[in-house]
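**Q** Dumping the structure here so I can ask a few things about it.
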Amino acid sequence: MNKSIAILGCGWLGLPLAMSLLNKGFSVRGSTTSEKKLELLQAKGIAPYLISISENSIDGNISDFLTDVSVLIINIPPGLRGSSSENFVRKMKLLHSKIKRSDVKRLIFVSSTSVYGDLQGEVTEQTPPEPVTESGRQLLEAENIFRADDNLDTTIVRFGGLIGDDRHPITMLSGRTGLTNGSAYINLIHQNDCIKILEHVITAQWWNQILNGVYPYHPSKNAYYTSEARKRGLKPPQYEVENTQIGKKIVPFALLNVKGFSFNTSIRS
2 MNKSIAILGC GWLGLPLAMS LLNKGFSVRG STTSEKKLEL LQAKGIAPYL
52 ISISENSIDG NISDFLTDVS VLIINIPPGL RGSSSENFVR KMKLLHSKIK
102 RSDVKRLIFV SSTSVYGDLQ GEVTEQTPPE PVTESGRQLL EAENIFRADD
152 NLDTTIVRFG GLIGDDRHPI TMLSGRTGLT NGSAYINLIH QNDCIKILEH
202 VITAQWWNQI LNGVYPYHPS KNAYYTSEAR KRGLKPPQYE VENTQIGKKI
252 VPFALLNVKG FSFNTSIRS
């Protein structure tokens with residue numbers, strides 16, 4: 002088996018993923034849009050590539066990046082927050098055209114549970130997505146670009162809210178008042194488990210799958226963030242009183258019940 006992995010997007014998740022794969026004996030090439038980061042990637046043992054994808058062009062040596070790799074991991078966020086009018090789908094179509102001209106046969110597309118939109122109750126991989134945000138709509142369309150290619154073994158991993166040792170929503174929510182949807186379920190996952198899932202896709206050959214990457218613990222936002230604030234000595238956020246439980250509970254059904262996957266890192270402090 003060719004043990005060369007290409008990670009398109011070595012950011013908060015991609016960089017530690019690359020380092021973990023290196024430790025497991027894979028050779029890893031990684032892309033960044035920042036010239037300053039090339040030296041960091043090189044120092045970590047990652048073959049560095051400066052690649053930037055726009056709607057109409059790809060800057061950087063994408064052909065070399067895609068040559069002779071066993072798995073391509075696409076880990077690029079849509080970047081559609083605020084007033085951005087960026088067309089992520091157009092970018093992914095352009096990237097797909099380059100992939101079709103390469104020898105890439107296996108692909109992991111890092112997606113988001115935002116594709117499920119405002120669905121209520123339990124949501125599994127079998128639940129039809131109903132995105133309501135522009136980023137969710139474009140992510141779903143991007144997923145389907147790669148899934149529709151019969152020449153690619155594509156696995157989609159839909160991660161919930163990402164947390165890590167240096168990243169947690171409570172740091173932004175602490176002390177805020179008048180927050181709504183406090184009775185909604187949380188759907189979070191730790192960086193460590195994200196990495197473990199992506200590695201298992203590669204090593205266990207979990208191809209042509211859709212996987213929900215969410216830690217199986219779903220208290221309400223109010224209960225969870227109040228608890229997390231107190232553990233950290235922070236002021237808890239204040240939610241408006243609601244009488245009914247609302248929102249979606251995203252279940253990692255395939256991981257737990259089909260793959261026998263075990264999550265390692267609790268989202269509780």
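Mapping the sequence shown onto my numbering, position 202 (from 1) lands on 203, and the numbers just tick up by one.
We put the beta carbon where it would ideally sit given N, CA and C, even for glycine.
Name the DSSP beta bridge partners of residue 165, please?
**A** 168, per the DSSP bridge assignment.
**Q** Kindly indicate which three-state DSSP category residue 78 falls into: helix, strand or coil?
**A** Residue 78 falls in the coil class under three-state DSSP.
**Q** Per DSSP, which one or two residues make a beta bridge with residue 244?
**A** BP columns for residue 244 are empty, so no partner.
**Q** Assuming residue 128 contacts residue 117 (C-beta within less than 8 Å), just tell me the rounded distance between them.
**A** Contact flag correct, Cβ pair sits at about 7 Å.
**Q** Are the CB atoms of residue 223 and residue 183 nearer to each other than 8 Å?
**A** Yes, these two residues count as a Cβ contact at 8 Å.
**Q** Which same chain residues end up closer than 7 Å to residue 231 when comparing Cβ atoms and leaving out the 5 residues on each side of it in sequence?
**A** For residue 231, where only same-chain residues beyond five positions count, the Cβ hits under 7 Å are 237.
**Q** Going by Cα to Cα distance, which pick from 243, 12, 207 is closest to residue 181?
**A** The shortest C-alpha separation from residue 181 is found at 243.
**Q** Find the nearest neighbour of residue 167 within the set 99, 212, 57, 268, judged by alpha-carbon distance.
**A** Among 99, 212, 57, 268, the Cα nearest to that of residue 167 is on 268.
**Q** Three-state secondary structure (DSSP) at residue 104?
**A** Three-state result, residue 104: coil.
**Q** Pick from 145, 130, 122, 51: whose alpha carbon is nearest that of residue 61?
**A** Cα-wise, what sits closest to residue 61 is 51.
**Q** What's the C-alpha gap between residue 5 and residue 164?
**A** About 28 Å.
**Q** Look at the alpha carbon of residue 96 and the alpha carbon of residue 73, and state the distance between them as a whole number of angstroms.
**A** In a straight line, the C-alpha of residue 96 is about 12 Å away from that of residue 73.
**Q** So the alpha helix (DSSP H) residue 219 belongs to, where does it begin and stop?
**A** Where residue 219 is concerned, there is no enclosing alpha helix (DSSP H), given that its DSSP letter is neither H nor E.
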